[in-house]
Each structure stands twice: as C-alpha cells, then as structure tokens.
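Residue numbers (our numbering): 91 to 490. The C-beta atom is built at its ideal place from N, Cα and C for all residues, glycine as well. These numbers were taken from a predicted model, which means no experiment stands behind them. A short write-up of the structure that comes next.
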Amino acid sequence: MKILIINSGSSSIKYKLYETGDGGSYLADGIVAKIGEPGSYIRHNVRGHEIEYEVSVPNHSKGFELMIRLLTDPGYKILRNVSEIAAVGHRFVQGGGVFEESVLITEEVIKKMEEYVHLAPLHTPPNLIGIRETKKLMPDVPQVAVFDTFFHKDMPMKAYLYPMPLTYCTKYGIRKYGFHGTSFRYVSREASVMLGRPLNELKMILCHLGNGASISAFSNGRSVDTSMGLTPLEGLMMGTRTGDIDPGVVFYLSRELNMSIDEIDDLLNKKSGLLGISGLGNDMRSIIKKADEGDEKCNLAVEMYTYRVKKYIGAYIAVLGKLDALVFTAGVAENNPVIRAKICENLDYLGIEVDEEKNKRTVGVRGEISSERSAVRILVIPTDEEKVIALDTMRVCKLQ
Ligand code: ADP
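Rendered as structure tokens:
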C-alpha cells in the first residue's frame, strides 16, 4: 500500500512516497523548489537515482502536476497511476490550539483551519493549498493533516503562557505552541528504543538543529517546555532567524529606524541568525569551513549558535530536575561533530560528557556519543518526520 507525504511550503513542495508493507520503505522523494520565483527546479529521487532540472513553476498547481507526472512516469515503475495511492498525509506546522491530534481532512476541518490562518500566516496558507491541489488531482483519496504542534499539547500552563494579561491567550490565542513536534515524536520514540527504557519513564532534552532549530524538555512521555513559541521565531539562533531577543528591539527598530512591521519581520525571520552574523549565508557547513580558515564573523556565528543551545540545555536541566538523555537530530546536529562537541563542552559537571572518537565517527547516522563516564546518555538520531506522518495517516484512515 502506498502513502504520499506532502510538505507544502510557501515556495516549495516536498514529497515522499512511502510503501507500507515490510516495515515500510521509501519508493521516491523529491522537492519542487522556488515556486513562483526565477530558477525554479524539481529534484526527484527514486531508489538513489536522482534527477534535477530547472523548469518553470509559476504556482503550486503546476508544482503538484509536475510531481504527479514524475511519480507516475512509466520509466520508474513505482506508480502506474494515482489510484494506487491509498492516502495522502500533509505536514501541518500549526494546529492553532484547535487541532491537536492528526485529523482526517474534511470541508469542516478546512474551514476551521482557515479560521486560525493568522496564527501561522507563513505556513498554514501553503499547507491549505497543498490540500486543495491534492483534492483536484486525487478527489477520492483520503487526506490527513499531522500537526507539528501536537507533541507540545500537554505543556503546563506555566510553560506555554506568556506573562501578559490572560485574555491575550484566551481571546486571541497568543501563547507558546512549539514546533518540530513531528521530528521530536520520532526521535523520542527511537531514543526510548535505543535506551531500552519505556518512554514514559524518561527525562530527555531533544535538540532539533536544522535550518530551523528548537529544543524540547521531555519528561514522562510529554513535552514540558520548548523553545519555539507562538511562531518559530522564538528560542534558538537559527539559519536566518534571531531566536530570542528583547522584544524592545522591535519598538526601537520601528520608532528610531522607521522600519515597517513587514521590514522588521523580514529582518528577524530572514536576514538574521547565522546569515546575519556571518554575512556569508545560513549553511552551517560553509560557516564552519570559513571559521576554520580564520574568518572572525563566521567564528562568532558558531560561538553564538552553540552558546545559545548550551544555555537552553542548562535551563531545561533545571526544569527536568534530572536528565537521562540528550538527543541530537536534524541537519546540523546529525552531521556535525564540532557543533555537538562545542555545545557539550564543559558540561561534565552536569553529567554530560562526549566521547571524542565516537562523536567524530557519528556523522549522518544513528549512534551514541557519550563517554563511559557520562551520567547522561548522548544520542544522535537522524530524524524521519515523514515516517511519523505516514504512520499517523494510516492510523487515521484505518489502513493498518
Ligand atoms: P530543515 O528541515 O530545517 O530545512 P535540515 O534538518 O535538513 O533543515 O538541515 C539543513 C541544514 O543542515 C543546512 O542548512 C545545513 O546548514 C545543515 N547541515 C547539513 N550538513 C551539515 C554538516 N555536515 N555540518 C553542518 N551543518 C550541516
């Protein structure tokens, strides 16, 4: 049975076709990128054979059409036609406090999603386009939405409320929601398997360090705090986002520099973080390379990035009171031993000690990198958000 997983963003469509038999495997995946921009392209990968070409993709509709054309290309022999797809699972960033559990998409569900679009104006509209385009191409195939916010739904009020008059939360929904939940769900479960202990007995700190980055304090089967907030801007320093700053900076930029709200939004979300400090870009690989060559700004970017993760780890150890495992996942943390080592540097008094050799060996693969002496187990687990979405989609559609 085949399940299609879709992550429809503002300028890209990421997809993965999942075969559910035999424990599950991926048949094909790809991305339609730079939709509506110059240089749009499609990258399609079937069993390790990858093709990439530039193609005009003026809108999502065209993007979906191209994706289906490639998936049903007779040359690849993976899908004769779309009727072989049993269900489609969509990654939704924001459940808006309305949806927590994964849900079968109906007209009523879409209507409710449209009502909280203002909470995630960058993410929810392209997610909704993904649903509509899928419906056009596969009208009879059930669709499921899986929410990134789900993982954090049981956070205590003291963690998710901002210290503002309560009506701002109750009336307008202004509170911390947290994101990267689908990734956190995957790595927390896998960590429990690696540690050979039940999930609901574990206290863990989960670090998702990709282009977007967030961290979660996990206790007895639930997220008890997380670094992202109402939007993905709060928390850690990221590829292009500031993470935590004094909100007073926003007033200053507006009053003293006469910047508009949109300009400030663009500055803090798209021009800051690693890009803003290094002046080079948002890719940690190039930044580390330049830092090694002596570039001071790149070195500062790495120092700030790791310092801020370390600060959150300290805070979350205080929240949890005890720590069984520190888990690293996503692009930067899965692949970079230098970043992991810097984050964990001088944390041995908290029971966190990296084994240098194990750390160096663990690149892009699952592994344990803690030393024999480390009281806290330090794990690297490549994330697999699509697998979580596929399993949820099957469960909601009663396909298993
Ligand atoms: P997202 O899903 O948030 O877009 P990913 O989890 O795919 O991001 O991570 C992408 C990021 O991972 C890239 O921006 C890149 O900086 C970083 N990355 C990938 N490989 C490495 C590496 N070897 N060293 C450092 N950073 C890396």
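Straight through space, the alpha carbons of D315 and Y267 are spaced by roughly 10 Å. The way I'd put it, the region 130-150 doesn't touch the region 196-205; fewer than three beta-carbon pairs between them come closer than 8 Å. G421 has its CB nearer than 8 Å to a heavy atom of the ligand ADP. The count of Cβ pairs closer than 8 Å, one atom from the region 296-310 and one from the region 394-410, reaches three, so the stretches are in contact.
Distance from the C-beta of V193 to the nearest heavy atom of the ligand ADP is not below 8 Å. In the DSSP assignment, M484 falls within the unbroken alpha helix (DSSP H) covering 475-486.
In this structure the region 169-186 touches the region 476-487; the number of beta carbon pairs closer than 8 Å is three or more. Within 8 Å of the C-beta of T473 there is at least one heavy atom belonging to the ligand ADP. Distance between D119 and Y131, taken at the CA atoms: about 14 Å. If you check the CB distance, L169 and Q233 do not come in under 9 Å. Taken atom to atom, the span from the alpha-carbon of S278 to that of C297 is near 11 Å. Around I121, the same chain offers S102, I103, K104, Y105, I132, R133 as residues with beta carbons nearer than 8 Å, after the five sequence neighbours per side are excluded. The Cβ atoms of P472 and R451 do not sit closer than 9 Å to each other. Boundaries for E324: no beta strand (DSSP E) harbours it, and the DSSP string shows neither H nor E there. In the DSSP assignment, R181 falls within the beta strand (DSSP E) that extends over 175-182. The region 341-349 makes no contact with the region 376-388: fewer than 3 CB pairs, one atom from each, lie closer than 8 Å. The nearest non-hydrogen atom of the ligand ADP is 8 Å or more from the C-beta of G114. Per DSSP, the unbroken beta strand (DSSP E) holding K106 starts and ends at 103-109. The three-state reading of DSSP puts E462 in coil, since its state is none of H, G, I, E or B.
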